[in-house]
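One structure is given here, and the rest of the page talks about it.
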Amino acid sequence: MPRLSEVIAALDALWPPARAEQWDAVGTVCGDPDAEVRGVLFAVDPVQQIVDEAVELDVQLVVAHHPLYLRGTTTVAAGHFKGRVVHTLIKNDIALHVAHTNADTADPGVSDALAAALGLKVLRPLVPDPTDPSGRRGLGRICEPEHPETLAAFAERAARLLPATAQGIRLAGDPDAPVRTVAVSGGSGDSLFDAVRAAGVDAFLTADLRHHPASEATERSPLGLVDAAHWATEWPWCAQAAAQLDEISDRHGWDLRVHVSSTVTDPWSSHTASLSSSPGAPN
């Protein structure tokens, strides 16, 4: 069985911590470098549900996409929910490792997994990494569907192929507009609107679109917007990352048990459609 330090070295080769954004908090949160690893669980969020699942599965490492302590802390007391996560991990000899923005820009990265889940062909990064001579790394991806389709059909495809969440899929733009090229970005993507407009794509699928950036984007161009839940756009990466580690395990003869959590950790738990009439209209 490999030691934790060996598995972490392999993960860092896939997603070098130096490629994370400066504000990010990636890497190993807890764990004994000399401990043996027999099983690994991949998940989006390092929350208590995931840690409890790791205990039940008897794995020794959780690899999460989102950081546990993004803004730092002065305590890991179990009276706080994040401290309780740390206590549960340590009591059960489970390590936690985070790959966040370094996984976003990787080749393949989070948006490659999102594109694959949607059946899209990746053409190039939306925002290329200037340090990558191959031009394959970077934020987001510019893609094309196998056949042109309407914006409504593309949104329906996303609703069918991405994991189900309470939010579902929101759509802005002409539902009958043709979609021949698409930009995708796993996670929050409204900071990328300038790059999306410069790419000249027909639609942009991402998550967490806010009112003002979305409103301005639709006023400035006929760009179609497809807004999915944050968790749903990043969950496909877990399966992609697990497959990468499986390949490494086979190559080294580690015989790791690699799991992907199917626990929905999107924070929104239900959705109620609006029932009132339009403003000013009689009820």
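Numbering (my numbering), first residue to last: 87 to 369. Think of the CB as a built atom: it goes at the ideal place given N, C-alpha and C, for glycine as much as any other residue.
Would Arg-296 pass as a contact of Asp-276 if the rule is Cβ separation under 8 Å? Within the sequence shown, residue 296 is the residue found at index 210, counting from 1. Within the sequence shown, residue 276 is the residue found at index 190, counting from 1. Contact check for Arg-296 against Asp-276 passes: the beta carbons are separated by less than 8 Å.
Of the listed residues Leu-154, Arg-306, Gly-273, His-338, nearest to Ala-201 (C-alpha basis): One-based indexing of the sequence shown puts residue 201 at position 115. Ranking the options by Cα distance to Ala-201, first place goes to Gly-273.
Near Ala-281, what residues of its chain come up, given a Cβ to Cβ distance below 6 Å and the 5 sequence neighbours on each side ignored? Sequence index remark: in the sequence shown, residue 281 carries index 195 (1-based). If we look at Ala-281 and ignore the five residues flanking it on each side, its Cβ neighbours are Leu-212, Val-213.
Do Val-130 and Ala-140 have their C-beta atoms within less than 8 Å of each other? Locating residue 130 in the sequence shown gives position 44, where the first residue counts as 1. Locating residue 140 in the sequence shown gives position 54, where the first residue counts as 1. One thing to note: Val-130 has its Cβ no nearer than 8 Å to the Cβ of Ala-140.
Taking the alpha carbon of Ala-189 as the reference point, which residue from Arg-124, Trp-101, His-338, Ala-150 has its own alpha carbon closest? Mapped onto the sequence shown, residue 189 falls at position 103. For the residues Arg-124, Trp-101, His-338, Ala-150, the minimum Cα distance to Ala-189 belongs to Trp-101.
How would you write the range of the beta strand (DSSP E) that His-183 sits in, first residue to last? Residue mapping note: residue 183 aligns to position 97 of the sequence shown, counting from 1. 181-184 is the span of the beta strand (DSSP E), which, as asked, contains His-183.
Roughly how many whole angstroms lie between the Cα atoms of Leu-225 and Val-126? On the sequence shown, position 139 is the one that residue 225 refers to. On the sequence shown, position 40 is the one that residue 126 refers to. Taking C-alpha positions only, Leu-225 is separated from Val-126 by approximately 26 Å.
Jot down the residue ranges of each uninterrupted alpha helix (DSSP H) in the stretch 175-246, minimum 4 residues, whole runs only, in chain order. Assignment of alpha helix (DSSP H) within the stretch 175-246, counting only whole runs of 4 or more residues, yields 187-190, 196-203 in chain order.
Distance cut-off 7 Å: Gly-286 Cβ against heavy atoms of the ligand SAM: What this structure holds is no ligand at all, so the ligand SAM is not there to describe.
Can you confirm whether the stretch 349-356 touches the stretch 322-334 when touching is taken to mean that 3 or more C-beta pairs between the two stretches lie within less than 8 Å? Output reads no: the stretch 349-356 does not touch the stretch 322-334.
Using CA coordinates, which residue listed in Thr-160, Cys-324, Ser-363 is at the minimum distance from His-152? Indexing the sequence shown from 1 puts residue 152 at position 66. Checking every option, the nearest Cα to that of His-152 belongs to Cys-324.
Neighbourhood of Arg-210 by C-beta distance below 6 Å, restricted to the same chain and skipping five residues each side: Against the sequence shown, residue 210 aligns to sequence position 124. Counting only Cβ-Cβ distances below 6 Å, and skipping sequence neighbours, we find Ile-228.
Can you give, in chain order, each stretch of the beta strand (DSSP E) that sits fully within the stretch 250-306 and has at least 3 residues? Listed in chain order, they are 256-258, 268-274, 289-293.
Can you tell which of Gly-165, Ala-250, Asp-288, Arg-223 has the C-alpha that lies nearest to the C-alpha of Pro-234? Looking up residue 234 in the sequence shown gives position 148. Closest in C-alpha terms to Pro-234, from the list Gly-165, Ala-250, Asp-288, Arg-223, comes Asp-288.
N-terminal and C-terminal residue of the alpha helix (DSSP H) that Ala-316 is part of: One-based indexing of the sequence shown puts residue 316 at position 230. Residue identity check: residue 316 is His in the sequence provided, not Ala. It spans 316-338 - the alpha helix (DSSP H) in which His-316 sits, taken as one unbroken run.
Per DSSP, what are the beta-bridge partners of Glu-122 in this structure? Start at 1 with the first residue of the sequence shown, and residue 122 comes out as number 36. Arg-89, per the DSSP bridge assignment.
Below 8 Å on the Cβ atoms is my guess for Thr-349 versus Gln-135; work out the distance and round it to an integer in Å. For the purposes of this step, residue 349 is taken as residue 263 along the sequence shown, with counting starting at 1. For the purposes of this step, residue 135 is taken as residue 49 along the sequence shown, with counting starting at 1. Confirmed, Cβ separation roughly 5 Å.
Suppose you measure from the CA of Arg-157 to the CA of Ala-111; what does that come to, to the nearest Å? Within the sequence shown, the letter at position 71 stands for residue 157. Within the sequence shown, the letter at position 25 stands for residue 111. Their Cα atoms are separated by approximately 8 Å.
What is the DSSP secondary structure of Asp-138, counted as helix, strand or coil? As a first step, residue 138 must be located in the sequence shown, where it is residue number 52. Looking at Asp-138 - three-state DSSP - the assignment turns out to be helix.
Do the CB positions of Leu-154 and Val-184 come within less than 8 Å of each other? The count along the sequence shown starts at 1 and reaches residue 154 at position 68. The count along the sequence shown starts at 1 and reaches residue 184 at position 98. Taking 8 Å as the cut-off, the beta carbon of Leu-154 is found closer than this to the beta carbon of Val-184.
Rounded to whole angstroms, what's the CA-CA distance from Ala-328 to Thr-191? Just pull it up for me. Within the sequence shown, the letter at position 242 stands for residue 328. Within the sequence shown, the letter at position 105 stands for residue 191. Using only the alpha carbons, I get a separation of about 17 Å.
Grab the span of the beta strand (DSSP E) containing Leu-342 for me, first residue to last. Against the sequence shown, residue 342 aligns to sequence position 256. Leu-342 -> no beta strand (DSSP E), and no H or E assigned at all.
Tell me the rounded alpha-carbon separation between Pro-261 and His-166. Position 175 of the sequence shown, counted from the first residue, corresponds to residue 261. Position 80 of the sequence shown, counted from the first residue, corresponds to residue 166. Pro-261 and His-166 have their C-alpha atoms some 45 Å from each other.
Cα-Cα separation, Ala-104 to Val-208: The count along the sequence shown starts at 1 and reaches residue 104 at position 18. The count along the sequence shown starts at 1 and reaches residue 208 at position 122. Roughly 25 Å between the two C-alpha positions.
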